[in-house]
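Colleague:
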Amino acid sequence: MAYLLDEQLIVFYILTLKFKETIEANLRIPQANPIARPIPLGLYKYNSAIKPLLKSQPLPLPPPPPPPPPPIISKFLEKINQARQDEASSHWETQSIYRIPKCLRDVDQTAYTPKIVSLGPYHRGRRRFRTMDGHKWRSLYRVLDRTGHDVRLYLDAARFLEDRARSCYEAPISMSSDAFVESLVLDSIFALELFRGVALEGFRCLGYSPDDPVFAVRGIMHSLQRDMIMLENQLPLFVLDWILALQLGYDPSRAYLVAPLALRFFNPLMPTEELLCPTPSSDTLYEAGSSGGALHCLDVFRRSLLPLSTLASCPRPSFRSEQSARPVEFACPMLCSDACLPPMAYERHQQFIPCVANLRNAGIKFRRRTGVPFWDIEFKDGVLYIPRLLIQDGIKSLFLNLLVFEQCHLECGNHITSYLSFMDNLLNSEVDVRYLHDKKIIEHELGSDKEVVDMFSRLCKKVVFDSDDCYLSELSVQVNRYYSSKWNTWRANFNHSYFSNSLAFFSLMVVVVLLLLTAAKTFYVVYAYYKSK
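With my numbering as the guide, the letters of the sequence shown map in order to residues 4 to 536.
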């Protein structure tokens, strides 16, 4: 029995050694790079399951891992991923309150920055606005005391409109949700109290004292109007409509009440005496109206200056949309003079008209046009009819903010930009301003005529403007065609030389009489000679 047991142990030992040698010979595993793959214990049993494993092929090695990308590739991929996320979270189609571009802000730093009051998130929290922030809380208290409403009514409305209001601002808003909702309520209540006090009831009817430092018709009101019309100091119009509808008990989703109030409030800033939109009355103000698709108070003000046909038209095309369809037929590679330009390019080049003095030398007269807005310029039979323009304190800041809004917002036209560019071409010196002032076309409250010239020059500085996309384009072509006529220039010079001065006119009459007498004498001498024969 012991003999048989020893013989089995020897056979098992020999088989184990053979199995180990076979496994090592087939796998050939390097000692420097062992594969940490444990062998199941069941393989060490001598049974029929071992034979197929001993005859199998060597196991394939796993593929090596790919090398890491270079650092520049990693940075590019990270930036592209960030750009994808930014584009996905952007709200370009709803933006309407823009930051002033640096190239335009450098023209005039003070024209875009409010001085005493801030509305919206762009300038909120600055030290110089703390005094007016206290008056905002006072206006909120006055509204709650007058209406008997709970403040949560306005907070819930602002919370409901928060995402939509944030999408109206170009720059990302870093304010928390509570801070943004608080600013919407305070700024909206403050602006609406000013609108209602000036345009409708009066501040006494709203519960304010006649000696109130803010809510009274005083000199500070003009500074408030200048600050509240700036582009960076705007609130979305739908927020103002919603808050005012809650105060008056109207349906907030269908009430458009703020636009006529805002027009009446900003009426002192109008550069013209012809206001297209009627002044709101207490009987018709609270009827269901329409904001006309306006985005904020600056847009309401701009729309009141423009014709209704312009507001109903589609947005202006891009610079390449129409130009790409036109054939390029330049015969001269170097456009060194007007002679090298084809007719189409020559007309486009001539759309910038000369100044008033040069146009007068060509015989063009200037007349004041009445009963129309300031932008409605007409040229007929050598006479340029220009409506009256009122230039007062703050008009430069107003025009600059209107210009920037037209430059940034592609969904609106460029009527204001076209008009200011046209006037900038006309006014080249103090003589031009003085002549238009004598014709009662320009009325200004500035220190001198030179300041008017400088104002228009700075208004159109660094402004991107396509002369083809301009409502005055055809008029400019007609003026330049009249100006280029040799006959008109000669006739104007003759009239200026002999009919503008009484002495020169008298000398001309003497010369004409002498010529007539000489001609008559010559005629009678010749006639008598032939008659005698």
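Ideal placement from N, C-alpha and C gives every residue a C-beta, glycine not left out.
In terms of alpha-carbon separation, which member of Ser142, Gln395 and Ile17 lies closest to Ser451?
Modeller: Residue 451 sits at position 448 when you count from the first residue of the sequence shown. Out of Ser142, Gln395 and Ile17, Gln395 has the C-alpha closest to the C-alpha of Ser451.
Colleague: I want to know whether the stretch 251–270 touches the stretch 431–440 - three or more CB-CB distances under 8 Å.
Modeller: The stretch 251–270 is not in contact with the stretch 431–440.
Colleague: What are the start and end residues of the alpha helix (DSSP H) that includes His551?
Modeller: Residue 551 is absent from the model: the chain starts at 4 and stops at 536.
Colleague: Should Lys23 go down as buried or exposed, given a rule of 16 or more other Cβ atoms within 10 Å for buried?
Modeller: In the sequence shown, counting from the first residue as 1, residue 23 sits at position 20. By the neighbour-count rule (16 or more Cβ atoms within 10 Å), Lys23 is not buried but exposed.
Colleague: Three-state secondary structure (DSSP) at Phe382?
Modeller: Locating residue 382 in the sequence shown gives position 379, where the first residue counts as 1. Of the three classes helix, strand and coil, the one that applies to Phe382 here is strand, per DSSP.
Colleague: Under the assumption that His418 contacts Tyr486 (Cβ atoms under 8 Å), give the Cβ distance between them as a whole number of angstroms.
Modeller: Against the sequence shown, residue 418 aligns to sequence position 415. Against the sequence shown, residue 486 aligns to sequence position 483. Contact doesn't hold; Cβ gap of about 24 Å is too wide.
Colleague: Helix, strand or coil for Leu158 per DSSP?
Modeller: On the sequence shown, position 155 is the one that residue 158 refers to. Of the three classes helix, strand and coil, the one that applies to Leu158 here is helix, per DSSP.
Colleague: For the candidate residues Gln481, Ile192, Ile75 and Asp214, whose alpha-carbon lies nearest to that of Val386?
Modeller: Position 383 of the sequence shown holds residue 386. For the residues Gln481, Ile192, Ile75 and Asp214, the minimum Cα distance to Val386 belongs to Gln481.
Colleague: How about Lys399 and Ala114: do their beta carbons lie closer than 8 Å?
Modeller: Counting from 1 along the sequence shown, the entry for residue 399 is found at position 396. Counting from 1 along the sequence shown, the entry for residue 114 is found at position 111. Yes, the Cβ-Cβ distance between Lys399 and Ala114 is below 8 Å.
Colleague: Helix, strand or coil: which one does DSSP assign to Ser535?
Modeller: Along the sequence shown, read from residue 1 onward, the residue named residue 535 stands at position 532. Three-state DSSP puts Ser535 in a helix.
Colleague: Given a threshold of 16 other Cβ atoms within 10 Å of its Cβ, counted over all protein chains shown, does Met426 qualify as buried or as exposed?
Modeller: Counted from its first residue, the sequence shown places residue 426 at position 423. It counts as buried.
Colleague: With DSSP as the reference, please indicate the residues paired to Ile389 in a beta bridge.
Modeller: To locate residue 389, count along the sequence shown from 1; it is residue 386. Answer is Arg371.
Colleague: Between which two residues does the alpha helix (DSSP H) carrying Val434 extend?
Modeller: Here residue 434 corresponds to residue number 431 of the sequence shown, with the count starting at 1. Its alpha helix (DSSP H) spans residues Glu433 to Asp441.
Colleague: Between the C-alpha atoms of Arg133 and Asp379, what's the straight-line distance to the nearest angstrom?
Modeller: Counted from its first residue, the sequence shown places residue 133 at position 130. Counted from its first residue, the sequence shown places residue 379 at position 376. Spanning the two alpha carbons is a distance of roughly 43 Å.
Colleague: Any idea what DSSP makes of Ile100, helix, strand or coil?
Modeller: In the sequence shown, residue 100 corresponds to position 97, counting from 1. Correct three-state label for Ile100: strand.
Colleague: Mind the definition here: the stretch 181–188 touches the stretch 208–215 only if three or more C-beta pairs lie below 8 Å; say whether that holds.
Modeller: The answer is no - the stretch 208–215 does not touch the stretch 181–188, with fewer than three Cβ pairs under 8 Å.
Colleague: How do the stretch 402–418 and the stretch 361–370 stand: do at least 3 beta-carbon pairs fall below 8 Å, yes or no?
Modeller: No, because fewer than three Cβ pairs between the stretch 402–418 and the stretch 361–370 fall closer than 8 Å, the two stretches do not touch.
Colleague: Quick test of your reading: Glu235 and Tyr125, contact by CB under 8 Å. State the CB separation rounded to the nearest angstrom.
Modeller: Looking up residue 235 in the sequence shown gives position 232. Looking up residue 125 in the sequence shown gives position 122. Going by Cβ atoms, the distance from Glu235 to Tyr125 rounds to 5 Å, so yes, they are a contact pair.
Colleague: Kindly list the residues whose CB is nearer than 6 Å to the CB of Thr458, restricted to its own chain and excluding five residues on each side of it in sequence; keep chain order.
Modeller: Here residue 458 refers to the residue found at position 455 of the sequence shown. As written in the sequence, residue 458 is Met, which differs from the Thr given in the question. The answer, listed in chain order, is Lys399.
Colleague: Taking Cβ positions, are Glu446 and Leu393 nearer each other than 8 Å?
Modeller: Counted from its first residue, the sequence shown places residue 446 at position 443. Counted from its first residue, the sequence shown places residue 393 at position 390. Closer than 8 Å, so yes.
Colleague: DSSP on Tyr172, reduced to helix/strand/coil?
Modeller: The residue given as residue 172 occupies position 169 in the sequence shown. It is a strand residue.
Colleague: Out of curiosity, what's the CA-to-CA distance linking Pro70 and Ile103?
Modeller: What you label residue 70 is simply residue 67 of the sequence shown in a count that begins at 1. What you label residue 103 is simply residue 100 of the sequence shown in a count that begins at 1. Distance between the alpha carbons of Pro70 and Ile103 is about 47 Å.
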